[in-house]
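Participant: Chains D and Z, in that order, are what the protein sequence lines are.
Per the UniProt record's numbering, residue 1 is the first one in the first sequence, and the count goes up by one each step.
Per the UniProt record's numbering, residue 1 is the first one in the second sequence, and the count goes up by one each step.
Even for Gly, the Cβ is constructed at its ideal location relative to N, Cα and C.
Being a predicted model, the structure only gives us computed values, none of them experimental.
I have a structure I would like to understand better, so I am pasting it below and will then ask my questions one at a time.
Protein chains: 2
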Amino acid sequence: MTEGPVEEKERGAIRKHLEAVPAMSDTDFAFAVHATDGQARTGAITMPRGKIRTPAFMPVGTAGTVKAMYASQVRDLGADVVLGNTYHLMLRPGAERMARLGGLHRFMRWDGPILTDSGGFQVMSLSALRKLDEQGVTFRSHVDGTAHHMSPERSIEIQGLLGSDIQMQLDECVRLPAEREAIEKAMRLSLRWAERCRTAFGEQPGKAMFGIVQGGDVPELRIESARALADLDLKGYAIGGLAVGEPQAVMLAMIETVEPHLPSTKPRYLMGVGTPDDLMRSVARGIDMFDCVMPTRAGRHGLAYTRHGRINLRNARHAEDTRPLDEASACEASRAYSRAYLHHLVRSDEILGMMLLTWNNLAYYQDLMAGMRVAITEGRLDAFCEETRAGWARAERDAAG
Amino acid sequence: MTEGPVEEKERGAIRKHLEAVPAMSDTDFAFAVHATDGQARTGAITMPRGKIRTPAFMPVGTAGTVKAMYASQVRDLGADVVLGNTYHLMLRPGAERMARLGGLHRFMRWDGPILTDSGGFQVMSLSALRKLDEQGVTFRSHVDGTAHHMSPERSIEIQGLLGSDIQMQLDECVRLPAEREAIEKAMRLSLRWAERCRTAFGEQPGKAMFGIVQGGDVPELRIESARALADLDLKGYAIGGLAVGEPQAVMLAMIETVEPHLPSTKPRYLMGVGTPDDLMRSVARGIDMFDCVMPTRAGRHGLAYTRHGRINLRNARHAEDTRPLDEASACEASRAYSRAYLHHLVRSDEILGMMLLTWNNLAYYQDLMAGMRVAITEGRLDAFCEETRAGWARAERDAAG
Numbered sequence: 001m002t003e004g005p006v007e008e009k010e011r012g013a014i015r016k017h018l019e020a021v022p023a024m025s026d027t028d029f030a031f032a033v034h035a036t037d038g039q040a041r042t043g044a045i046t047m048p049r050g051k052i053r054t055p056a057f058m059p060v061g062t063a064g065t066v067k068a069m070y071a072s073q074v075r076d077l078g079a080d081v082v083l084g085n086t087y088h089l090m091l092r093p094g095a096e097r098m099a100r101l102g103g104l105h106r107f108m109r110w111d112g113p114i115l116t117d118s119g120g121f122q123v124m125s126l127s128a129l130r131k132l133d134e135q136g137v138t139f140r141s142h143v144d145g146t147a148h149h150m151s152p153e154r155s156i157e158i159q160g161l162l163g164s165d166i167q168m169q170l171d172e173c174v175r176l177p178a179e180r181e182a183i184e185k186a187m188r189l190s191l192r193w194a195e196r197c198r199t200a201f202g203e204q205p206g207k208a209m210f211g212i213v214q215g216g217d218v219p220e221l222r223i224e225s226a227r228a229l230a231d232l233d234l235k236g237y238a239i240g241g242l243a244v245g246e247p248q249a250v251m252l253a254m255i256e257t258v259e260p261h262l263p264s265t266k267p268r269y270l271m272g273v274g275t276p277d278d279l280m281r282s283v284a285r286g287i288d289m290f291d292c293v294m295p296t297r298a299g300r301h302g303l304a305y306t307r308h309g310r311i312n313l314r315n316a317r318h319a320e321d322t323r324p325l326d327e328a329s330a331c332e333a334s335r336a337y338s339r340a341y342l343h344h345l346v347r348s349d350e351i352l353g354m355m356l357l358t359w360n361n362l363a364y365y366q367d368l369m370a371g372m373r374v375a376i377t378e379g380r381l382d383a384f385c386e387e388t389r390a391g392w393a394r395a396e397r398d399a400a401g
Numbered sequence: 001m002t003e004g005p006v007e008e009k010e011r012g013a014i015r016k017h018l019e020a021v022p023a024m025s026d027t028d029f030a031f032a033v034h035a036t037d038g039q040a041r042t043g044a045i046t047m048p049r050g051k052i053r054t055p056a057f058m059p060v061g062t063a064g065t066v067k068a069m070y071a072s073q074v075r076d077l078g079a080d081v082v083l084g085n086t087y088h089l090m091l092r093p094g095a096e097r098m099a100r101l102g103g104l105h106r107f108m109r110w111d112g113p114i115l116t117d118s119g120g121f122q123v124m125s126l127s128a129l130r131k132l133d134e135q136g137v138t139f140r141s142h143v144d145g146t147a148h149h150m151s152p153e154r155s156i157e158i159q160g161l162l163g164s165d166i167q168m169q170l171d172e173c174v175r176l177p178a179e180r181e182a183i184e185k186a187m188r189l190s191l192r193w194a195e196r197c198r199t200a201f202g203e204q205p206g207k208a209m210f211g212i213v214q215g216g217d218v219p220e221l222r223i224e225s226a227r228a229l230a231d232l233d234l235k236g237y238a239i240g241g242l243a244v245g246e247p248q249a250v251m252l253a254m255i256e257t258v259e260p261h262l263p264s265t266k267p268r269y270l271m272g273v274g275t276p277d278d279l280m281r282s283v284a285r286g287i288d289m290f291d292c293v294m295p296t297r298a299g300r301h302g303l304a305y306t307r308h309g310r311i312n313l314r315n316a317r318h319a320e321d322t323r324p325l326d327e328a329s330a331c332e333a334s335r336a337y338s339r340a341y342l343h344h345l346v347r348s349d350e351i352l353g354m355m356l357l358t359w360n361n362l363a364y365y366q367d368l369m370a371g372m373r374v375a376i377t378e379g380r381l382d383a384f385c386e387e388t389r390a391g392w393a394r395a396e397r398d399a400a401g
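Here it is as C-alpha cells:
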C-alpha cells in the first residue's frame, strides 16, 4: 500500500473541515523582541492560537501526546507550544485521517500553537529501505512496512492536514562527523527543498513555514545556507543538523557562525536541543526556540532535572530520602513526593514514576526558560546562568561530601 | 539474606514514628447500615482516617500506587479506601523501611483508609520455592530471590509497619477446582491462623483486622468457616477463595450460603471481585466491600468499562469515531477524549492511553457503586441493575446493527 497525495475532491472536503475547527482570530504570525541582553533576546510570537513567549522550550508530543502527561498539565507548566512529529503522525493515525478527525489540536486536546517537523529527520533515523533523491525520500514505515513517498510538497501538505501552526521545510540532515562533500550536497539539496516548500506553503495568514539552516560543522557552508534562506524571506529560521553527535563547543560555534546572517526580526529555532546547560548557552547566543525529548525521555528512565542538578532516582542512595526533588518548586511532582517514593516507583517500573518524573522535568525546563526570560529583561542573563550552574555544583558537592 | 522480625529496639522506634504520623481523631472503627433492599445494604464504615461509604469498591494500589493514576485523582473519583498488597510492599520497599519512611499513607500520598491483604494470596501465586506448614509459609521473592518467612504473626506485624487501617488475616487460598480434602485442610488451617492473627493484632482502636471465610465450593465447609470466624467476634469478614476460576453461579451460590452465618452488624468483603456484573449481583446478596485489579489492569490493556458496556479500544472500528466513551460522565477521561484518540494511543502503546483508560474505568466502577448506594436507599436496586444491564445490551445491539 502506497500512500500518496489525496484526490483533489477528498482534499477539498478535508481542508474545509480543518478550516472550520480553529477559532482563529485575525492575528497574523508576528514576532517581536521586547528586550535584549548581549546576543540574547526575549519577546513573543503572536499567532491566532496564542502567544509563544521566547525564548521558548517546546515539549515534544511525538505521536499526538507529550508522553505520560495530560495536555492540560503541559499547558499549566507554562508551555505555550508543543511539537508534533510528522513522521509518526503520517504513519499513525495518518495525515488524511487526522484531517477528517478535525486536526491534531482537537485530537490531542491542545488548543495552543503546534509546531511540526517535516518528517525528514525521522525518515532518516527510523524508517527502513529509504531512498533519497532530488524529488524527496521513499521509505518503508517502521510500524507496518508500508511504502511511502515524502517530497517537499507532500511534507507541507501533511503538515497542513495535521493542522500545524508552524511548519518546517523538508531538509536532509547529515549525522556528524561527515565528509565536507556530503555535508555540502545535503545543504544545497535542503536549500532547493526550502524553495519548493515555500511555494507549496504559499500564503497562509496566521501560520508560518520555517527554513532550516544546514551545513554541518563547516562554517562557510552554514553561512551560505543562512544567507540563502534569509533571501527567501521566511517567517522563521531553524538551525538543524546539530546535537547529532558533535561536542557542545562545535554546536555553540556553529550558532555563533550562523546568528549574524539570520534576520534579527525573525525567530531562531535550534532543533533537537538539549540539556539545561545547552539551553542557557544557546539562549546567550541568540536562540529563541528549542525542542528536545530529553526531559520527557529522561523522565521515563528515572532521571530528574532539578535546581539541584540531574538526579538518578534509580540510585540506592535515595531509598530512604524523604526530601522532595525541589522543596521550592511550584510543581506538585517536584515538591510533594519524596525521593524515596520516586526511587521505589522507578525501581518497580511503575507508570506513576514516569508520570511524576516527566512532569518534574518539564516543569524544570519551563521554569528555566521563564527564569531566562526575566533575566534577559533585567539584563542579567549571565548572572542567572552562573547562579543556576552554581546550584547544580553545590548539590553535587553535597552528594559527594 | 533472610528478613525476619526486627529487633525490639528498632521496632519501638519505628512504631513511635508511625504513631506520630496520622492525625487520628478519637473515632474507633464502626460500621452502620443506613438502608437495606432485600439482602443488599448501604451504610458506612467510620474510622479515624475517614468514612468508607458502602457498598464500596477499593481500587488496588499494589506496590504503593494505583497504577497510572495520581492518588488525588483516585480520591476525586469517590474512592474512600484503597488496597495495598502486603506481599509486594514487604519485598519492595520493605516493611521496616516503609515504617521508617512514615508509613504507606505518607509514602503514596493517600490520607484516607488503606486496607492491606495478608500477603498470603500473592505468596501462593507469585513467589518461588514456597513451603507451607502450620507455622506459616517460607518463600523466595520473585523480585530478587531473597528468602522470607511469613507467619500469621509476621503478616500482622508487617501490615502494622505499613500503617494499614484494615488488616487481613493470613489464610490459605485453594485454587478451584480442588479436592474436598485439600479445601477442608486449607479452611481449617486458615481458621487456626485467624485466631493467631487476632491475638497478634490485639486491641488497636481505630483499626480493624478482618477474618477470611474459606471452604472453596463446598457449602458445609463455607458455613463451618463462617460460623467459627463469627465466634471470634472480628470487626469485619471477608469471603476469600472465590473468583479463582469457578463460574459466576458458583461464586454467587457461595455468597448466598455464607451470608446468613455472618453477623449482619459487620462489613462483608468479597475479595478480588470482579466485573461490573459481579459487583451488582454480589451487592444484591449482601456484600459491602470489593477490590479488584480488573478496572486498572483492563485500562492498561485497551479496555474501557462504560455505561455502554465494555469497549475494546484496540478495535479498528474506533479509528474515526469522534464520540467520547461516555458523553454524560463527570470524568474528563470518559467525556472529553474521542474514541479515535484513545484508539490511536492504545495502538501506539502510549502511556497516556493507559492513564486515560484506567481513569475512565475507575470512574465507571465508582459511579456504579454510587448508583447502587442510592438505589438501595430508594429500594430500587433491582431496577437499577436492570437499567444498567439494558444500557450495556443496547450499545451491543447498536454496535452489531
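Can you grab the Cα-Cα spacing for the pair Pro113 (chain Z) / Ile166 (chain Z), in whole Å?
Facilitator: Distance between the alpha carbons of Pro113 (chain Z) and Ile166 (chain Z) is about 8 Å.
Participant: Measure from the C-beta of Glu320 (chain D) to each C-beta in chain Z and report whether the shortest distance is under 9 Å.
Facilitator: True, the Cβ-Cβ gap to chain Z drops below 9 Å.
Participant: To the nearest angstrom, how far is it from the Cα of Asn315 (chain D) to the Cα of Ala340 (chain D)?
Facilitator: Rounded to the nearest angstrom, the two C-alpha atoms are 10 Å apart.
Participant: Along the chain, where does the beta strand (DSSP E) that runs through Ile52 (chain Z) open and close?
Facilitator: Ile52 (chain Z) -> beta strand (DSSP E) spans 50-54.
Participant: Of the residues that make up the stretch 109-136 of chain D, which ones have a beta carbon closer than 9 Å to any beta carbon in chain Z?
Facilitator: So the list reads Arg109, given in the order they occur along the chain.
Participant: When DSSP labels each residue in this structure, what does Ile376 (chain D) get in the three-state scheme?
Facilitator: If DSSP states are grouped into helix, strand and coil, Ile376 (chain D) belongs with the helices.
Participant: Mind checking if Glu350 (chain D) is an interface residue toward chain Z, Cβ cutoff 9 Å exclusive?
Facilitator: Chain Z, which has a Cβ nearer than 9 Å to the Cβ of Glu350 (chain D), makes this yes.
Participant: Give me the Cα-Cα distance between Ala393 (chain Z) and Leu303 (chain Z), rounded to the nearest whole angstrom.
Facilitator: For Ala393 (chain Z) and Leu303 (chain Z), the distance between alpha carbons rounds to 17 Å.
Participant: Do Glu153 (chain D) and Arg196 (chain D) come within 9 Å of each other at the CB atom, strictly closer than that value?
Facilitator: Yes, the Cβ-Cβ distance between Arg196 (chain D) and Glu153 (chain D) is below 9 Å.
Participant: Could you run through the stretch 201-232 of chain Z and flag, in chain order, every residue whose CB is less than 7 Å away from some CB of chain D?
Facilitator: Listed in sequence order: no entries.
Participant: Using a Cβ-Cβ cutoff of less than 6 Å, which residues in the same chain neighbour Arg317 (chain Z) once the five nearest sequence positions on both sides are dropped?
Facilitator: There are no such residues.
Participant: In the stretch 313-387 of chain D, which residue ranges form an unbroken alpha helix (DSSP H) of at least 4 residues, counting only runs that do not cross its ends?
Facilitator: Counting only runs of 4 or more, we get 332-335, 339-347, 351-377.
Participant: Counting only the same chain and skipping the five closest in sequence on each side, list residues whose C-beta sits under 6 Å from that of Gly43 (chain Z).
Facilitator: Within the same chain, Gly43 (chain Z) has close Cβ partners Ala32, Val33, His34, Thr54.
Participant: Is the separation between the beta-carbon of Val278 (chain Z) and that of Ile212 (chain Z) shorter than 9 Å?
Facilitator: Note that residue 278 (chain Z) is Asp in the sequence shown, not Val. In this structure, Ile212 (chain Z) does not lie closer than 9 Å to Asp278 (chain Z) by Cβ.
Participant: Alpha carbon to alpha carbon, what distance is there between Phe201 (chain Z) and Glu157 (chain Z)?
Facilitator: Distance between the alpha carbons of Glu157 (chain Z) and Phe201 (chain Z) is about 8 Å.
Participant: Answer yes or no: do Leu325 (chain Z) and Ala333 (chain Z) have a C-beta to C-beta separation smaller than 9 Å?
Facilitator: Yes.
Participant: Would you kindly check if the distance between the Cβ of Arg100 (chain Z) and the Cβ of Glu320 (chain D) is under 9 Å?
Facilitator: Closer than 9 Å, so yes.
Participant: Check this for me: beta carbons of Ala194 (chain D) and Leu162 (chain D), under 9 Å apart or not?
Facilitator: Not in contact: Ala194 (chain D) and Leu162 (chain D) (Cβ atoms no closer than 9 Å).
Participant: With C-beta atoms as the reference, is His149 (chain D) less than 9 Å away from Leu91 (chain D)?
Facilitator: Contact flag unset, no.
Participant: If we cut at 9 Å on Cβ distances, does Ala391 (chain D) have a partner in chain Z?
Facilitator: One point to set straight first is that residue 391 (chain D) is Gly, not Ala, in the sequence displayed. Not an interface residue.
Participant: Which residue's Cα is closest to the Cα of Thr257 (chain D): D:Val244, D:Asp288, D:Lys266, D:Val218?
Facilitator: Cα-wise, what sits closest to Thr257 (chain D) is D:Val218.
Participant: Any idea which residues DSSP pairs Arg106 (chain D) with across the strands?
Facilitator: Per DSSP, none; premise fails for Arg106 (chain D).
Participant: For the stretch 75-95 of chain D, list every residue whose C-beta sits within 7 Å of some C-beta in chain Z, in sequence order.
Facilitator: Residues passing the 7 Å Cβ filter: Arg92, Pro93.
Participant: Along chain D, which residues have their Cβ under 8 Å away from the Cβ of His344 (chain Z)?
Facilitator: Simply Ala63, Gly64, Arg92, Pro93, Phe107.
Participant: Using a C-beta cutoff of 9 Å, does Lys67 (chain Z) count as contacting chain D?
Facilitator: Answer yes: the Cβ-Cβ gap between Lys67 (chain Z) and chain D drops below 9 Å somewhere.
Participant: Select from Z:Pro260, Z:Glu203, Z:Leu313, Z:Arg310 the residue whose C-alpha is nearest the C-alpha of Ala230 (chain Z).
Facilitator: Nearest of Z:Pro260, Z:Glu203, Z:Leu313, Z:Arg310 to Ala230 (chain Z), Cα basis: Z:Pro260.
Participant: Identify, in the order they occur along the chain, each residue of the same chain with its Cβ nearer than 8 Å to the Cβ of Met58 (chain Z), setting aside the five sequence neighbours on each side.
Facilitator: Here the set comprises Ala79, Val81, Val82, Leu83, Leu115, Met289, Phe290, Asp291.
Participant: Give the DSSP-derived three-state secondary structure of Leu189 (chain D) in the structure shown.
Facilitator: If DSSP states are grouped into helix, strand and coil, Leu189 (chain D) belongs with the helices.
Participant: Compare the Cα-Cα distances from Val293 (chain Z) to each of Z:Ser282, Z:Arg285, Z:Met271, Z:Gly94 and report the closest residue.
Facilitator: Nearest of Z:Ser282, Z:Arg285, Z:Met271, Z:Gly94 to Val293 (chain Z), Cα basis: Z:Met271.
Participant: Going by the beta-carbon positions, is the gap between Tyr337 (chain D) and Arg109 (chain Z) smaller than 9 Å?
Facilitator: Going by C-beta atoms, Tyr337 (chain D) is nearer than 9 Å to Arg109 (chain Z).
Participant: Classify Gln73 (chain D) as helix, strand or coil using the three-state DSSP reduction.
Facilitator: Gln73 (chain D): helix per DSSP, three-state reduction.
Participant: Looking only at its chain, what residues have a beta carbon closer than 8 Å to the beta carbon of Leu368 (chain Z), apart from the 5 residues adjacent to it on each side?
Facilitator: Excluding positions up to five away in sequence, the list reads Phe57, Pro276, Leu279, Met280, Thr388.
Participant: Return the CA-CA distance between Gly64 (chain Z) and Leu356 (chain Z), expressed in angstroms with no decimal places.
Facilitator: Those two C-alpha atoms are separated by around 20 Å.
Participant: Is the beta carbon of Ala99 (chain D) within less than 8 Å of some heavy atom of the ligand GDP?
Facilitator: The ligand GDP is not part of the structure shown, which contains no ligands of any sort.
Participant: Alpha carbon to alpha carbon, how far is Met98 (chain D) from Pro22 (chain D)? Give it in angstroms, no decimals.
Facilitator: No answer about Pro22 (chain D) holds up, because its pLDDT of 47 lies below 50 and its placement is not dependable.
Participant: Where do the N-terminal and C-terminal ends of the alpha helix (DSSP H) with Arg300 (chain D) fall, by residue?
Facilitator: From DSSP, the alpha helix (DSSP H) with Arg300 (chain D) extends over 294-300.
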